Each structure stands twice: as structure tokens, then as C-alpha cells.
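Each remark here refers to the structure printed beneath this line.
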Amino acid sequence: MTNNLTNKNIDILENPVLKMEHLHVAYGKTDKYAVRDVSATIKKNAITAIMGPSGCGKSTLLRAINRMHQLYPDIKTLGNIYLNDEDITKMSAIHLRRKIGMVFQRPNPFPTMSIYDNVVAGYKLNGIRMKKNERDAIVEKSLISVGLWDEVKDSLRKKGTFLSGGQQQRLCIARAIAFKPDVILLDEPTSALDPIATSKVEDLLVQLKKEYTIVLVTHNMSQAARISDYSMFMYLGDLVEYGKTKMMFTNPRDKKTEEYLTGKFG
Amino acid sequence: MGQKNSVKMEAHKLKDNSAYRTLKDKVFLIGVIIVSVITISPIVLIIGKLVWEGVGQINFSFFTETTPSTFEAMTAVANNEVIPGGIVNGIMGTFLIVGMASLIAIPIGILIGLFLYENQQSRYAGLIRSLSDILQGVPSIVLGLISYLWVVKNVVQGYSALAGSVALAVMMLPLIIRSTEETMKMIPGTLKEAALALGVPYYKVIIRVLIPSGFSGLATGVLLAISRILGETAPLMLTTLGNPMINWDITAPTSAVPLLIWNFYNDPNMINLIWSSSLFLMGFVLTMNIISKRLVAKI
Amino acid sequence: MKSDTITKYVLFISSLVVLLVSAGMVLSLVGDAVPVFEKFGWRFIISTDWNPTEGRESYGALPFIAGTISTSVLALLICLPMAFATSLFVAEYFRKTYVSSILGSMVDLLAGVPSIVYGLWGFYTLRPFIVSLGLDAQGYGIFTAGLILAIMIIPYATSISSEIIAMVPVELKEAAYSLGATRYEVIMYVVLPNARSGIVASFILAFGRALGETMAVTMLIGNTNIIPTGLFSTGNSMASVIANQFGEADGLKMSALIAIGLLLFVITGIINALGKMVIKRMSR
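The structure is reproduced here in C-alpha cells:
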């Protein structure tokens with residue numbers, strides 16, 4: 000097992016937040032794996048990018064981490080994932096997802112809720128009652144963290160869907176961090192945004208890694224190069240290469256990685 | 000920022016309510032399943048009752064003979080026999096009334112549907128569409144009143160099959176208009192444009208292109224509309240009255256299966272006939288329904 | 000070219016049928032209701048007196064209005080949890096599964112049962128059942144009629160609700176799950192608020208259906224011309240009184256029945272327009 004972990008991972012990470020062991024994910028019939036035998040560890044307070052051509056299984060891998068797949072009975076997940084050395088399959092989904100926040104490809108603030116309610120949606124959904132001043136503080140702090148406070152502080156009661164796409168996505172990040180998770184999973188968070196909004200989100204992620212561990216799925220190589228500390232390259236369900244981003248981009252070990260990074264396919 | 004840090008929300012400090020919430024989640028699911036099963040149980044009970052009580056009365060003469068008189072029925076019941084006669088006058092009446100309603104409503108409904116499709120944006124078409132929606136919501140008994148005022152009082156001067164057909168045709172019309180417009184919207188616009196570009200007159204495009212390519216959609220709409228009116232009783236009570244004999248004269252009172260059920264229900268001697276007649280009616284309506292669903296599945 | 004113009008005219012002229020039928024309907028109903036309104040004025044709507052004896056004729060529609068409203072409201076209340084659960088079953092919990100399509104088509108079958116068959120089943124099965132429960136000695140009345148109406152309108156309340164519930168974007172539900180919500184919480188805080196206007200619209204339209212139902216109500220409501228005094232009180236509805244008394248009506252009594260028809264037409268028209276408005280606002 001150790002062997003398997005090392006062969007793709009030159010720097011064995013000290014006290015990792017997440018550890019995946021022989022992870023397989025299959026849609027429908029069990030012989031068709033979207034993710035095949037992935038083992039890797041994720042470093043704390045760093046941005047780890049997962050990249051690869053579309054259909055390579057990067058989103059599927061990400062969604063295994065907060066057990067999103069269990070919402071769909073025909074998706075089968077095998078193997079183990081540990082969050083701070085705790086087996087996630089042994090945790091309740093409620094508890095796990097409180098510790099692992101998620102941001103989706105398209106901004107999806109709850110359209111029936113105000114900006115304010117969107118930020119504290121996690122508390123409301125989980126049936127946690129708070130005093131108003133506590134709630135106000137969480138809203139303010141979360142919105143400050145994503146750099147949205149100055150833009151929306153006068154319109155907290157407006158619907159979140161009135162914001163621009165980039166603002167909506169930052170609101171979704173605020174919603175995820177309002178709960179103080181250990182890890183934030185981001186599934187191509189900028190693919191629906193324009194370049195200016197994209198760079199704002201990227202700056203924000205670099206800021207946030209001081210407090211959180213970030214796992215980012217991206218279809219955009221230059222984004223991974225710009226902001227990630229570690230990179231995984233996946234191809235057809237396999238984790239082909241995993242290492243420090245700088246090393247991988249300057250000196251890829253695998254031929255497939257090199258071809259992808261030089262734009263031969265993808 | 001400093002003051003904000005004084006409020007610390009640590010995940011482990013939050014009360015762990017997950018056991019309670021998971022239980023609530025499960026209880027709700029079980030509740031949904033139980034209530035759903037209760038909701039559909041009447042259909043099983045109704046069909047069961049109709050089959051259980053009705054099958055015994057269904058025989059050859061049920062479909063070939065007219066309704067017995069109260070006296071005949073009373074004698075049969077007194078002697079513990081099956082009530083003689085059948086409901087052929089009702090079946091034929093239903094064919095006559097529903098057939099005539101279809102003859103009125105289907106062509107007009109399709110034309111209006113085409114009109115709405117051709118004039119999507121116009122305000123006048125919007126008005127027609129809204130009026131058609133309102134017509135669809137008019138209670139059938141009110142349609143019976145209307146047809147009584149129009150046909151019974153002013154055209155035929157008496158209860159007649161025609162009056163019943165008019166009431167049912169008004170009921171069918173909005174359904175056919177709606178289904179025609181929806182079907183036409185599904186046909187790719189290029190198909191029509193290609194034909195028009197070749198210089199084909201528009202009426203030929205309608206007959207040769209639009210109607211054939213939307214045929215299954217139109218047929219579904221028609222069958223659903225017919226299945227909707229087959230079981231209508233109230234409007235016929237006010238318009239066709241009923242007739243113990245088979246009648247093909249559209250200006251004369253005529254019977255129909257639902258009207259017969261109402262008569263049997265009100266005549267203590269004929270009670271045994273209500274279940275078989277209802278079973279027949281229900282079977283007829285459901286067959287129409289199933290055929291139309293099959294057509295949808297085929298598209 | 001010329002044939003195209005003719006085609007356009009034919010289509011346009013056929014559209015006039017809808018205008019004529021709608022206008023004619025209103026004119027006929029109003030025209031024939033005039034005598035009773037001339038004689039009694041507003042008293043026709045607020046009076047409870049219904050006396051067809053010649054010479055002392057007096058017609059008031061209030062008992063029938065009360066009967067229609069109370070049976071329909073009761074039907075709506077009973078149908079609410081049932082249609083709600085069924086919609087969640089079909090469109091959320093068991094979406095796209097075999098059981099959901101079976102349950103869905105059974106609900107559709109409910110819409111195919113003729114009103115008179117519901118009446119028979121209500122009379123011979125439901126009514127004795129209510130008597131055997133000891134709820135009422137005869138089993139006729141507002142409760143029995145409301146119960147059968149509830150069953151009849153379930154398919155209408157379910158069809159739009161389940162369509163709208165199925166349309167709530169997966170991304171929103173996943174966002175809520177990713178925050179740790181249970182399915183119940185996702186339904187309560189995300190699915191329902193997002194499907195709210197569709198659900199409201201479908202219940203309004205179902206209510207409109209209940210108002211106009213005739214046969215089943217006529218067979219179960221008890222047909223007494225009084226304002227219902229309780230859940231198990233008998234009464235009469237607007238549609239039932241037309242169906243029951245039409246045969247022996249003429250003159251002023253006929254006019255009174257037609258006036259009731261006009262009131263029914265107006266009430267259902269308003270309710271349906273309201274439902275359509277909610278749907279239209281939603282699609283924007």
C-alpha cells in the first residue's frame with residue numbers, strides 16, 4: 000500500500016488532512032470505473048489542483064471526498080478516504096459535510112433566500128439556532144473573507160440571484176466557509192465566470208488557504224499553475240501524476256502529463 | 000476585524016443534533032410513503048368494486064338489448080334471476096352523442112390550434128388562448144345549462160342528442176386547441192419553411208406536412224378529450240334526457256351509458272345494473288386513456 | 000398566393016368560434032338570470048329562503064354557495080397532504096424509478112374515473128364505512144362529499160406540483176446537501192420554497208375543479224336546502240341543486256337555477272384565472 004502511495008507522490012506529505020486509499024468510483028455497472036485506484040494525500044493549508052481533460056474523472060474524484068455520490072444509488076464508491084485520520088464512511092454524512100465545504104461549477108446561491116440568509120444557510124439547514132448578533136457576526140466575517148462585504152453590505156436583504164456571476168460565486172464560497180470547514184472542495188469554480196471575476200476568485204483562494212485546505216478541480220492548466228501548490232493530473236480515471244505544481248509544470252515525469260501540459264490533447 | 004474574532008463558531012462546539020435529524024428524515028420518508036399509498040388506494044378499491052360487483056351482469060344481451068322496464072327488473076329480482084336486457088340504447092346513444100361532439104370539436108379545435116400556432120405573439124391570439132383556458136375551467140353542469148338555453152330552447156325545441164353533443168363539444172374544444180398548439184410547437188420550424196420555400200400553398204403544407212408529422216400528438220389530444228367527455232353525466236341530464244330505445248335521430252331525446260347509470264341508481268329495482276354499466280364505462284374510458292398514453296410513448 | 004390568403008382567413012374565422020362561444024355563454028347566462036335578479040336583487044345571493052310554491056316564490060342561493068364552498072374547502076384541506084406526499088414520492092424520493100411511474104399512472108387513473116362512478120363508490124362503499132365508524136348515522140353530508148371530492152381532485156393537484164418539484168435544479172439540492180442537510184431539510188428549505196408558486200397554482204386549479212363537480216357531490220351531500228351547520232351536516236351545492244331541480248323547473252325557478260349557474264361560472268372563472276396568473280408569473 001505504501002508502495003502505491005509513493006509511486007505517484009514524491010513528497011510524502013506530513014500530517015495530511017485528507018488521505019485517499021485505492022479509491023474507485025463506478026457509474027452503473029461496476030466494471031466501468033470513472034475513477035480507478037487513486038491513492039493520494041492532501042496537504043493542509045495548501046491548494047491542490049486536480050486537472051485533466053474532460054471526462055477524466057476529476058470531478059468524480061472530488062465528489063467522492065464529501066460523499067456526494069451516495070445521493071445517487073447507481074454510483075458505487077470503493078476504497079477509503081480519511082479526514083484527519085477518521086474514516087469518512089464511518090462518519091455521518093451530516094457531520095462530514097459540515098467539515099468539508101463545497102463550491103460548484105455554476106454559482107448556485109439559493110434563489111429564494113436573501114444574501115444574508117444564503118451565508119448562514121448552512122446553519123439554518125442544519126437546524127442550528129443562534130442569537131441575531133452571532134448570526135450577524137458570522138455573515139459579516141464570512142463576507143469580509145470573500146471580499147464581498149463592501150459590495151453588498153447595504154443590500155443584505157436582497158436576493159442572492161441579483162448579484163453578478165462572480166459575486167454569486169464568492170457568495171457561495173462565503174456560504175461554504177461560514178461553517179468553518181476543514182477542507183473546501185471547488186469544482187471548476189471559475190468556468191462560468193469572465194476573466195476579471197475569475198482573477199478575483201483566484202486571489203481569494205490564495206488568501207483562503209491560510210485558514211483552509213483547498214482542493215480545486217480545474218480544466219484550466221494556467222489556473223492550476225497560477226495558484227496551486229500541488230497538482231494532480233488525471234487521465235481516463237487514473238491518477239497519472241501528482242506532485243508539486245512547479246515541478247510538474249517544469250519537469251513532468253509522465254509522458255501523458257507532458258503531452259497534456261504542452262497542449263497535445265485536452 | 001478584531002472584534003469579529005471574539006465570536007468563535009467551532010464545529011465541535013455546535014450541539015450534535017444529527018441523530019435527531021436523521022430520525023426526522025426517516026420518519027418523514029415513511030410518512031410520505033404511507034400517505035402516497037393511501038392516496039392511490041381508492042383507485043384500486045374502485046376498480047375492485049366494479050369488477051367484483053359488475054362482472055356477473057355482463058353477458059351477451061348486456062350489449063345487444065335495450066334496458067328493461069322497472070317491472071321486468073322487479074320480477075327478475077323477485078325470482079332471484081339476472082335482470083334481463085342490456086344497455087345497448089345507452090351504448091349507441093353514447094356513440095351518437097360523443098361522435099357528433101367529436102365531429103364538431105375536432106376540426107374546429109385543430110384549426111384554432113393552428114391559428115394560435117401561426118400567431119404566437121399577437122395579442123388577439125393571446126386573448127383567444129386565455130378564453131380557451133377559461134372555457135376549460137367551466138364546470139360541465141354549466142355547459143349543460145348553456146346548451147339547454149341554446150339548443151333545447153331555441154334550435155330543436157326539445158331535449159335532443161344534438162344538444163348533448165354541443166355541450167360536450169364545448170368541453171372538448173379547449174383540450175384540442177391546447178394539444179394542437181403544443182404539438183405544432185414541437186414540430187421543427189424548418190420542416191414547414193422547407194415546404195413553403197418550394198412554393199407549396201399553405202393549406203397543402205398543413206395537410207401534407209404539419210398534420211402528418213404531428214399526427215400522434217394530435218391523436219393523443221383527441222383521445223384524451225374523448226375519454227374526458229365519455230363519462231360526463233351532468234350536462235346530458237339537462238340536454239339529452241334519456242331514451243329507453245335505440246335512437247339515431249339527432250333531434251330526439253337519446254340515452255347514454257352515464258345517464259343509464261344515473262337512472263339505475265334512482266330505480267331500486269335496477270340497482271344490480273349499476274355496477275356492470277359502470278364497469279363497462281370505466282373500461283371504455285381507461286382503454287382510451289391507455290391508447291393515448293401509448294401514442295405519447297411512441298413519439 | 001391567393002390560396003394562402005384564404006387559408007389565413009379560414010384559420011382566423013375559426014378562432015372567432017372561441018370568442019362567440021365565450022361571449023354567447025356570458026350573454027345567455029346573464030340574460031336568463033335577469034328575471035330572478037330583477038325580482039330579488041342582492042337578496043338572491045344572501046337569502047337562505049328557497050321556496051318554489053307558486054304565489055309565494057322566493058329564491059335565495061346562499062345555502063348552495065355555502066355548500067359548494069364548504070365541500071370544496073374541505074376537499075382542498077384533505078387533498079393537500081395527500082397530493083403533497085404523492086408529488087414528493089413521484090418527483091423527489093423515487094424519481095425516475097419503476098415504483099414512481101406505477102404510482103404516477105395510478106394517480107392519473109384517478110382522473111379517468113367518471114364523476115358518477117365516484118358517486119356510486121362513495122354511496123356504496125365510503126358512506127357505509129363512515130356510518131360503521133360511528134361518525135354519522137346516515138353518512139350523507141359535507142364530510143362525505145368533501146372526502147370524495149378530495150379524491151377526485153388529487154390528480155389535478157399532483158400533476159403540476161410534481162412537474163415543478165422535478166424541475167428544481169439539482170445544483171441547488173446538491174448545494175444544500177454539501178452543507179450537511181438531510182433530505183428532509185433539503186425538501187423543506189430548498190425544494191419547496193423553489194417550487195412554491197407551482198404548488199400553490201396546482202392547488203388553486205384543483206380547488207376550481209372541486210367547485211364545479213356535480214354528480215358525486217349530488218349523490219352524497221344529502222340535498223337539503225340549508226346552510227350546513229357542521230362537518231356531518233347535510234346541505235346542497237350549487238351544481239347539485241341545478242342537477243336535482245332542473246327537471247321540474249320553469250319560469251322564475253329556471254331563472255334562479257340559471258343564476259346559480261352564472262354564479263358558479265363566475266366563481267370558477269375567478270379561481271382559474273388566479274391559478275393561471277400564478278403559473279404565468281412563475282414562468283417569467
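Protein chains in written order, with numbering that gives the first Met the number 0: chain B, 0 to 265; chain G, 0 to 298; chain A, 0 to 283. Quick reminder that beta carbons are idealized off the backbone N, C-alpha and C, glycines included. Predicted model, so just to flag it, every value in this text is computed and none were measured.
- Query: If you count every other CB in all the chains shown that lies within 10 Å of the CB of Lys-263/B, and 16 or more means buried, which is it?
  - Reply: The residue labelled residue 263/B in the question sits at position 264 within the first sequence. Burial call: exposed.
- Query: Which residues of chain A have a Cβ atom closer than 7 angstroms to the Cβ of Val-70/B, listed in chain order?
  - Reply: Taking the first sequence and counting its residues from 1, one reaches residue 70/B at position 71. A small fix is needed here, since residue 70/B is Leu in this sequence, not Val. Here the neighbours are Tyr-176.
- Message: By the three-class DSSP mapping on this structure, what secondary structure does Ser-86/A have?
- Response: Mapped onto the third sequence, residue 86/A falls at position 87. The answer is helix: DSSP assigns Ser-86/A an H, G or I state.
- What in chain A is Cβ-close to Met-50/B, meaning under 8 angstroms? Position 51 of the first sequence, counting from 1, holds the residue named residue 50/B. Those do not exist, as Met-50/B stays about 22 angstroms from chain A at its closest Cβ, beyond 8 angstroms.
- Message: Does Trp-247/G come out as helix, strand or coil in the three-state DSSP assignment?
- Response: What you label residue 247/G is simply residue 248 of the second sequence in a count that begins at 1. Reduced to three states, the DSSP call for Trp-247/G is coil.
- Message: The beta strand (DSSP E) that contains Leu-178/A, what's its start and end?
- Response: Start at 1 with the first residue of the third sequence, and residue 178/A comes out as number 179. Taken as a continuous stretch (DSSP letters only), Leu-178/A belongs to no beta strand (DSSP E), as it is neither H nor E.
- Query: What first and last residue would you give for the alpha helix (DSSP H) that runs through His-94/B?
  - Reply: Numbered from its first residue, the first sequence carries residue 94/B at position 95. Looking at the DSSP string, the run of the alpha helix (DSSP H) that includes His-94/B is 92-98.
- Message: At the level of alpha carbons, what is the spacing between Gly-108/G and Leu-217/G?
- Response: Working through the second sequence from its first residue, we reach residue 108/G at position 109. Working through the second sequence from its first residue, we reach residue 217/G at position 218. One C-alpha to the other measures close to 10 angstroms.
- Item | Residue(s) in a DSSP beta bridge with Tyr-259/B | The residue you call residue 259/B lines up with position 260 of the first sequence. Its beta-bridge partners do not exist; DSSP assigns none.
- Could you have a look at Lys-75/B and say whether DSSP puts it in helix, strand or coil? For the purposes of this step, residue 75/B is taken as the residue at position 76 of the first sequence. Residue state, collapsed to three classes: strand.
- Query: Using a C-beta cutoff of 8 angstroms, does Ile-9/B count as contacting chain A?
  - Reply: Translated into the one-based positions of the first sequence, residue 9/B becomes position 10. Per-residue confidence for Ile-9/B stands at a pLDDT of 46, beneath the threshold of 50, marking its modelled position as unreliable; the derived number appears in the next sentence. Answer no: the Cβ-Cβ gap between Ile-9/B and chain A never drops below 8 angstroms.
- Any chain A beta carbon closer than 8 angstroms to Glu-117/G: Counting from one through the second sequence, the residue named residue 117/G turns up at place 118. Output row for Glu-117/G: interface = yes.
- Ser-13/A versus chain G: which residues are under 7 angstroms apart at the beta carbon? Here residue 13/A is taken as the residue at index 14 of the third sequence, counted from 1. Per Cβ cutoff of 7 angstroms: Ile-107, Leu-110, Ile-111 and Phe-114.
- Message: Quick check: the Cα distance between Leu-102/A and Ser-198/B, rounded to an integer number of angstroms?
- Response: In the third sequence, the residue the question calls residue 102/A occupies position 103. In the first sequence, the residue the question calls residue 198/B occupies position 199. The straight-line gap from Cα to Cα measures roughly 50 angstroms.
- Message: Contact between the segment 87-102 of chain B and the segment 181-195 of chain B is defined here as three or more beta-carbon pairs at a separation below 8 angstroms; is this criterion met?
- Response: yes
- Are Asn-117/B and Leu-204/B closer than 8 angstroms when you measure CB to CB? The residue given as residue 117/B occupies position 118 in the first sequence. The residue given as residue 204/B occupies position 205 in the first sequence. Not closer than 8 angstroms, so no.
- Item | Cβ neighbours of Lys-1/A in the same chain (closer than 8 angstroms, five flanking residues each side left out) | Here residue 1/A refers to the residue found at position 2 of the third sequence. Here the set comprises nothing.
- Message: For Asn-14/B, tell me which candidate among Ala-39/B, Ile-74/B and Tyr-234/B has the shortest Cα-Cα distance.
- Response: Position 15 of the first sequence, counted from the start, is the residue given in the question as residue 14/B. The candidate whose alpha carbon is nearest that of Asn-14/B is Ala-39/B.
- Query: When DSSP labels each residue in this structure, what does His-218/B get in the three-state scheme?
  - Reply: On the first sequence, residue 218/B is found 219 positions in, with the first residue counted as 1. Of the three classes helix, strand and coil, the one that applies to His-218/B here is coil, per DSSP.
- Endpoints, the beta strand (DSSP E) within which Ser-196/A is located: As a working note, residue 196/A is residue 197 in the third sequence. Looking at the DSSP string, Ser-196/A is not in any beta strand (DSSP E); the run it does join, the alpha helix (DSSP H), is 191-211.
- Message: Between Lys-43/B, Leu-142/B, His-21/B and Ala-136/B, which has its C-alpha nearest Gly-78/B's C-alpha?
- Response: By 1-based counting over the first sequence, the position of residue 78/B is 79. Among Lys-43/B, Leu-142/B, His-21/B and Ala-136/B, the Cα nearest to that of Gly-78/B belongs to His-21/B.
- Message: Based on DSSP bridge pairs, tell me the residues matched to Phe-58/A.
- Response: Looking up residue 58/A in the third sequence gives position 59. Looking at the sequence shown, residue 58/A is not Phe but Tyr. Answer is Trp-49/A, bridged to Tyr-58/A.
- Query: Counting Cβ pairs, one atom from each stretch, are 3 or more of them under 8 angstroms apart for the segment 229-241 of chain A and the segment 201-219 of chain A?
  - Reply: yes
- Taking C-beta to C-beta, are Val-106/A and Met-281/G nearer than 8 angstroms? Residue numbering aside, residue 106/A sits at position 107 when the third sequence is read from its first letter. Residue numbering aside, residue 281/G sits at position 282 when the second sequence is read from its first letter. Taking 8 angstroms as the Cβ cut-off, Val-106/A and Met-281/G do not qualify as a contacting pair.
- Query: Quick one: does Ser-291/G have its CB under 8 angstroms from some CB of chain A?
  - Reply: In the second sequence, residue 291/G corresponds to position 292, counting from 1. By this cut-off, Ser-291/G is not an interface position.
- Item | Short-range partners of chain G found in the segment 77-102 of chain B, where Cβ spacing is below 8 angstroms | Ser-91, Ile-93, His-94, Arg-97 and Lys-98
- Give every residue of the same chain whose Cβ lies closer than 6 angstroms to the Cβ of Ala-92/B, excluding the five residues on either side of it in the sequence, and list them in chain order. Residue 92/B sits at position 93 when you count from the first residue of the first sequence. Hits under 6 angstroms: Arg-66.
- Message: Which residues of the segment 199-213 of chain B have a Cβ closer than 7 angstroms to any Cβ of chain A? Give them in chain order.
- Response: none
- Query: Along chain G, which residues have their Cβ under 9 angstroms away from the Cβ of Gly-121/B?
  - Reply: The residue labelled residue 121/B in the question sits at position 122 within the first sequence. Chain G residues near Gly-121/B: none, gap ~10 angstroms exceeds 9 angstroms.
- Task: At 7 angstroms on the CB atoms, spell out the chain B contacts of Leu-171/A, in chain order.
- Result: Here residue 171/A is taken as the residue at index 172 of the third sequence, counted from 1. Simply Asn-107 and Phe-109.
- Message: Here's a check: name, in chain order, each residue in its chain whose Cβ is nearer than 7 angstroms to the Cβ of Ile-186/G, leaving out the five neighbours to either side.
- Response: Against the second sequence, residue 186/G aligns to sequence position 187. Here the set comprises Leu-209, Ser-212 and Gly-213.
- Task: Identify each residue in the segment 15-36 of chain G for which the Cβ-Cβ distance to at least one residue of chain A is less than 9 angstroms, and report them in chain order.
- Result: Ser-17, Arg-20, Thr-21, Lys-23, Asp-24, Lys-25, Val-26, Phe-27, Leu-28, Gly-30, Val-31, Ile-32, Ile-33, Val-34, Ser-35 and Val-36
- Task: Pull out every residue of the segment 68-96 of chain A whose Cβ sits closer than 7 angstroms to any Cβ of chain B, in chain order.
- Result: none
- Message: Can you check which of these residues, Thr-238/G, Gly-230/G and Ser-129/G, is closest to Val-165/G by C-alpha distance?
- Response: Numbered from its first residue, the second sequence carries residue 165/G at position 166. The residue with the shortest Cα to Cα distance from Val-165/G is Thr-238/G.
- Item | Where the segment 141-166 of chain A meets chain G: residues whose CB sits under 7 angstroms from a CB there | Ile-150 and Ile-153
- Anticipated Cβ contact below 8 angstroms, Leu-219/A with Tyr-155/A, distance rounded: Locating residue 219/A in the third sequence gives position 220, where the first residue counts as 1. Locating residue 155/A in the third sequence gives position 156, where the first residue counts as 1. Contact flag wrong, Cβ pair sits at about 19 angstroms.
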